[in-house]
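Here the structure is laid out as structure tokens; the discussion comes afterwards.
There are 2 protein chains.
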Amino acid sequence: MSTTGLREYLDGPHKAARDVVRDGLAEHADLLNAGLTLSRDEYRDKVLEMLQQITADGHTGRGFPKEFGGQGDLGGFIAGFETLAFGDLSLMVKAGVQFGLFAGAILHLGTTRHHEEYLTDAINGRLLGCFAMTETGHGSNVQALGTTATYDAATDEFVIHTPHPAARKDYIGNAARHGRMAAVFAQLVVGGQTHGVHCLLVPIRSLNGEVLPGVTVTDCGPKLGLNGVDNGRIVFDQVRVPRTALLDRYAQVDAEGTYTSEIENPDRRFFTMLGTLVQGRVSVGGAAINASKVALTIAIRYADQRRQFGAPGTAEEALLLDYRMHQRRLLPLLARTYALHFAQAELVAEFVRIFGGEGLSDADEHDRRALEAQAAGTKVLGTWHATETIQLCREACGGAGYLAENRLAALKADTDVFTTFEGDNTVLLQLVAKGLLTGYRESFGKLDPLGTARFIAAQAVEIAVEKTALRAVAERLRDVVPNRNDKADPDAGLRDDAYHCGMVRFREEHLLAGVARRLKAGIDAGDDAFDVFNRCQDHVIAAGRAHVDRVVLEAFLAAVQVAPEGSVRDRLKDLYDLHALATIEGERAWYIEHGRLSGARSKAITALVNELCALVRPHATELVDAFGVPGAAVDVPMVVPSQHE
Amino acid sequence: MSTTGLREYLDGPHKAARDVVRDGLAEHADLLNAGLTLSRDEYRDKVLEMLQQITADGHTGRGFPKEFGGQGDLGGFIAGFETLAFGDLSLMVKAGVQFGLFAGAILHLGTTRHHEEYLTDAINGRLLGCFAMTETGHGSNVQALGTTATYDAATDEFVIHTPHPAARKDYIGNAARHGRMAAVFAQLVVGGQTHGVHCLLVPIRSLNGEVLPGVTVTDCGPKLGLNGVDNGRIVFDQVRVPRTALLDRYAQVDAEGTYTSEIENPDRRFFTMLGTLVQGRVSVGGAAINASKVALTIAIRYADQRRQFGAPGTAEEALLLDYRMHQRRLLPLLARTYALHFAQAELVAEFVRIFGGEGLSDADEHDRRALEAQAAGTKVLGTWHATETIQLCREACGGAGYLAENRLAALKADTDVFTTFEGDNTVLLQLVAKGLLTGYRESFGKLDPLGTARFIAAQAVEIAVEKTALRAVAERLRDVVPNRNDKADPDAGLRDDAYHCGMVRFREEHLLAGVARRLKAGIDAGDDAFDVFNRCQDHVIAAGRAHVDRVVLEAFLAAVQVAPEGSVRDRLKDLYDLHALATIEGERAWYIEHGRLSGARSKAITALVNELCALVRPHATELVDAFGVPGAAVDVPMVVPSQHE
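Chains as they are written, first to last, in the UniProt record's numbering: chain A, 1 to 645; chain B, 1 to 645.
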């Protein structure tokens, strides 16, 4: 097989941007050891040095408007950021904080004066900044933040204040050591009235690095991973900033203390502001998927070299990758990595369509909400996938996988928090499900259970209508796909795309309808709204997950269908089948419970997954080579022993 | 509920030994921060200092014969070792290497002269030693080690040699910095004939710490975790030791170069020698289970304090632990931790029965083989459980869980290798399954696939007989337990012990019979033995796992039945039901596929697991308090915020 052809297809439209970052990583491969050899503060400073380096290379400004030194290439920017995950992940996260979150907040929440004053410096890395949203007391529930920004008309200033210990800003990247300014999310209080969470630019350090009066910064100390990022805590004691520090694209305060916003509903205003920051979730998901590629490259190459046990009397022991269990553990994860790669590419294309182009575009609100759900879902699956995959890769490499020199340790430790940051995965899946249930339409309910439950009750009639339509779909499927009368040939049609898509779609729609029914029944019975929601929280999350599984599967299928004919498409089709059937196999209990699979057909699927693993196995090394991870990131001693003797 | 009563019941017969270690950990709590504040070498030296301290406290010699300074209390020794897992895990592992593996090899594989010369010093920590078994090229397949020990009759010496790079000893604890002697496993060559792997004592450092001539030691460098243990690599270049260096309990070489052993079959000799080292696996499993207790204590206390979201209009947000998803994620793991605790207690009791008492006992070989399988199985489940539980606890504590100060990071990193060391888990499960298939009886097949396959073919007739018996059992179960005709009341009997036990036993026996049938069919068809085995490797592993699941469930049930009446037994019964039903739920696809569950009953089980979570929830904090983890290990800033402000 031509690895080049497959790699080009994977790299897609942003190949050039990816290659720039690959070259940079290859050139500065020494950073990969920095976390092992330097003290924590030295490591942080080294990461900062590398950040300035990649900034000089011109990559990091790629996504910003040309007038501020950028290149207006949002897709290339995201692709390049994802590619940073092939290298040191502290560098990637620090770049994400500086260019994605901090500069992104200025770009999306600020107006011309903020852009002109700060954007060029932020993009060039001269103005290092923090994204001070999360507090000790509130992470996922951002609307309940405690920090206040109170307007003082007498001086035309906002007073930034931390009213109690739980309201201190926590886990803030760039805070402990390098940040000079923070984009602070706080409850905006004007004329005694609270208008909800808004964002303001607050200087925290002087030009020579001293923490400013009224600001207290402490270090979060060592972490499980990402120790090259200087996470810290910030407490504000009546810190004054001019009125113009408010990033005022969606809400303005004039000198007289009059608050205005074109979005009247406070919830809707809040979610609109937050929605502009979707790039963070898009980026984290992509980074997690790429970190999985690094781990799989290492573990699959190792398994294709390492021999252990095997039939006695033969000259050599057997390769690990020839064992069925080893194939079973690694190859479905390889297939899912491909699936997620294409789902991420689809997400990035949609993100570029909505946010890309010259300057800022005001895309249709409905599309934005759909994009947010897609970004949340891909982030959830991508990050859980990374945790699972890197863990299994570590175990599949035994004791050697535990040594830092073989890089799986750092991958595991550094990516672990991805499931939590940019939104906890279980919270995000509820967001996805809620989006599906309400369709958002013109109403913006809160993320809280009561709002959801009430809203859903109101929607129940419409959903009942959809259910009728759904039933027709289900009946049609039942005719097309043998499942009850499959005893004669339980294998029939198992590699048929329409079968896979029908199954995952049935699951999504059935779960969704079930959630709506349960919520409505509870509300109708007059039960406490929190209890009603809580009783079906597991169903809500399962419905969200089922939706994302379907989206990912369809993205993979679409990518196979337009892939170059020949070996590229053939290889992808095998991987797609493996992914589709492993996905169905993973939920086979549910399918059987709901009459969509017979026991015999379920067993046939398991047998076919085994066969597909064997079919993919001879190409496994080429399939990881096609990811194009730079050599330094994967040429570890256990794979290249000569480095080592 | 009385936490004290439950804690005493959990501590069982070795309460005193556990409390001694608890007190020591509380006294030396500063070690918990050593890994965060010291350089790697300083941390290693600090761990050594603590090792000498706990040795002085008298704990570490507890399991050795009184004549060498021990206390002859094997059960207390293991219980104390497990309790070390409540503290710094590097200390625990270093103690395991020194007192379990190194001193244990001398005790079990050596004879009087070795005991008299070395044992007291080893127990007192004056003679620090390594257990040099694993090589770069061979970990799980110990029989294929490359290091040689060749007898030179001219000088009455053995020559220890590393013939090629892959034969270097690797990942050896105590090697990089502190060890003075190594128990080296090597192919014994006498008079040109190889007799398989034996163990010899080889000095590697002088009294003042210099590496001896012919020995090359290198450092394995930083690891994912356990960085307080000085793992290293050892290469031998024709190193000479006297003939008496051979630990000669099971095989002797006389001055003329005559090799003798009371065990003629080399495979059987090898497995007998290895079998005496079962204590390592017993200990690792127990340590993993106790590490899970620490993580759960932290995560459940946090979830019972931390509020986020909740119904608006109410005064407070909701506690995390009141959310169904949070209960679903944590409480079945809490129940499984209890189950494993009792399974481990049962294993230790059996271990003491066979290996305990004054001096060495020669227990019945059949019992020893059964003990080895039980130890392997408990180690596998306990260590995978730890990896899964600590991961989920980390995620359940969000960003705070990622900070080193909250200890989940160290628990995760340090325990991760437990699934790999003392035998890779997937290899061990195959060992368990093989033991069940062959019953071992008088024959000792190799661990390799061919041996297994051949042996199993020979046993097929007997298994067929057993299958007939099994069918009768299955029929009987079907009558007792409603499963096909359960539509009228799918909940009936779900909390009945006999139902749980019948289900897990059916699964075990069905899987086992299936493996035997597949192996026999393949062999009968004349297929390549490796292929035959490999094709059903996933079934073999599932059968091993099903066996251990059953053993663990029955151990938990037995412990409930003899627990003190009243609140202790009531709490344990709820946890037992939760564990039993969550176990069945986890395999519900298989049960449905095999006609043991209807879809309706399967859904009823899921609903009941939810209910049981809600039933356990009010007692959750007390249930973790009963583990008796010393305060310093769990009073982390996120749980005790005042430490921190």
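Ideal placement from N, C-alpha and C gives every residue a C-beta, glycine not left out.
As the structure is a prediction and not an experimental result, all values here were calculated from the model.
What's the call for residue i, buried or exposed, on a 16-neighbour Cβ count within 10 Å?
{"i": "Gly595(B)", "result": "exposed"}
{"i": "His164(A)", "result": "exposed"}
{"i": "Gly191(B)", "result": "exposed"}
{"i": "His178(A)", "result": "buried"}
{"i": "Pro242(A)", "result": "exposed"}
{"i": "Lys169(A)", "result": "buried"}
{"i": "Pro13(B)", "result": "exposed"}
{"i": "His366(A)", "result": "exposed"}
{"i": "Pro564(A)", "result": "exposed"}
{"i": "Leu296(B)", "result": "buried"}
{"i": "Gln238(A)", "result": "exposed"}
{"i": "Arg126(A)", "result": "exposed"}
{"i": "Asp254(A)", "result": "exposed"}
{"i": "Gly379(B)", "result": "Correcting the residue identity first, residue 379(B) is Lys in this sequence and not Gly. So Lys379(B) ends up on the buried side."}
{"i": "Gln193(A)", "result": "exposed"}
{"i": "Ala472(B)", "result": "At Ala472(B) the pLDDT is 47, less than 50, meaning the model places this residue with poor confidence; the figure from the coordinates comes in the next sentence. Label assigned to Ala472(B): exposed."}
{"i": "Lys66(A)", "result": "exposed"}
Using the C-alpha atoms, what's the distance from residue j back to residue i?
{"i": "Asp538(A)", "j": "Leu612(B)", "result": "15 Å"}
{"i": "Gly435(B)", "j": "Ala370(B)", "result": "8 Å"}
{"i": "Arg518(B)", "j": "Cys536(B)", "result": "7 Å"}
{"i": "residue 646(A)", "j": "Arg113(A)", "result": "Absent from the model: residue 646(A). The displayed extent of chain A is 1 to 645, so no value can be given."}
{"i": "Gln279(A)", "j": "His619(A)", "result": "34 Å"}
{"i": "Ala303(A)", "j": "Leu319(A)", "result": "7 Å"}
{"i": "Val211(A)", "j": "Pro203(A)", "result": "9 Å"}
{"i": "Thr583(A)", "j": "Val229(A)", "result": "36 Å"}
{"i": "Pro514(A)", "j": "Asn534(A)", "result": "The sequence as given places Gly at residue 514(A); Pro does not occur at that position. Rounded to the nearest angstrom, the two C-alpha atoms are 14 Å apart."}
{"i": "Leu74(B)", "j": "Gly63(B)", "result": "4 Å"}
{"i": "residue 646(B)", "j": "Tyr591(A)", "result": "In the structure as shown, chain B starts at 1 and stops at 645, and residue 646(B) therefore has no counterpart that could be examined."}
{"i": "Asp11(B)", "j": "Arg18(B)", "result": "7 Å"}
{"i": "Pro641(B)", "j": "Val551(A)", "result": "42 Å"}
{"i": "Phe185(B)", "j": "Gly285(B)", "result": "23 Å"}
{"i": "Arg407(B)", "j": "Ala79(B)", "result": "23 Å"}
{"i": "Gly139(A)", "j": "Val93(A)", "result": "18 Å"}
Closest to residue i by CA distance: which of the options is it?
{"i": "Tyr9(B)", "options": "Gln561(B), Ala525(B), Tyr259(B)", "result": "Gln561(B)"}
{"i": "Thr389(B)", "options": "Ala343(B), Leu437(B), Asn290(B), Phe131(B)", "result": "Asn290(B)"}
{"i": "His28(A)", "options": "Glu317(A), Gln53(A), Leu615(A)", "result": "Gln53(A)"}
{"i": "Leu340(B)", "options": "Thr111(B), Ala555(B), Leu6(B), Ser567(B)", "result": "Ala555(B)"}
{"i": "Ala34(A)", "options": "Glu405(A), Asp156(A), Glu585(A)", "result": "Glu405(A)"}
{"i": "Phe351(B)", "options": "Gly275(B), Leu437(B), Asp322(B)", "result": "Gly275(B)"}
{"i": "Ala516(A)", "options": "Met50(A), Asp531(A), Ala433(A)", "result": "Ala433(A)"}
{"i": "residue 646(A)", "options": "Thr136(A), Glu135(A), Asp121(A)", "result": "Lying outside 1 to 645, the shown extent of chain A, residue 646(A) is not represented and no answer is given."}
{"i": "Arg368(B)", "options": "Leu381(B), Ala376(B), Ile354(B)", "result": "Ile354(B)"}
{"i": "Leu6(A)", "options": "Ala182(A), Lys223(A), Gly566(A)", "result": "Gly566(A)"}
Of all the residues that make up the region 578–594 of chain A, which are near chain B by a beta-carbon distance shorter than 8 Å? Arg588, Ala589, Ile592, Glu593, His594
Segments assigned alpha helix (DSSP H), at least 4 residues, entirely inside the region 354–416 of chain B: 365–396, 398–402, 408–415
Taking any Cβ of chain B, which residues in the region 33–45 of chain A have a Cβ under 7 Å from it, in chain order? Leu36
Output needed in chain order: residues of the region 86–105 of chain B with a Cβ under 9 Å from some Cβ in chain A. none
Identify each residue in the region 180–213 of chain A for which the Cβ-Cβ distance to at least one residue of chain B is less than 8 Å, and report them in chain order. none
The region 250–271 of chain B: positions lying closer than 9 Å to chain A by Cβ: none
Can you list, in chain order, the stretches of the alpha helix (DSSP H) that have 4 or more residues and sit fully within the UniProt domain "Acyl-CoA oxidase C-terminal" (508–630) of chain A? 529–535, 537–561, 567–586, 588–593, 599–616, 620–625
Report the residue ranges of all beta strand (DSSP E) runs contained in full by the region 20–62 of chain A; include only those spanning at least 3 residues, in chain order. none
Cβ-based contacts, 7 Å cut-off: residues of the region 527–549 of chain A near chain B: Ala529, Phe530, Asn534, Arg535, Gln537, Asp538, Ile541
Short of 8 Å Cβ to Cβ, which residues in the region 374–395 of chain A face chain B? Thr387, Gln391, Arg394, Glu395
Runs of alpha helix (DSSP H) lying entirely within the region 251–327 of chain B, each at least 4 residues, in chain order: 266–275, 279–303
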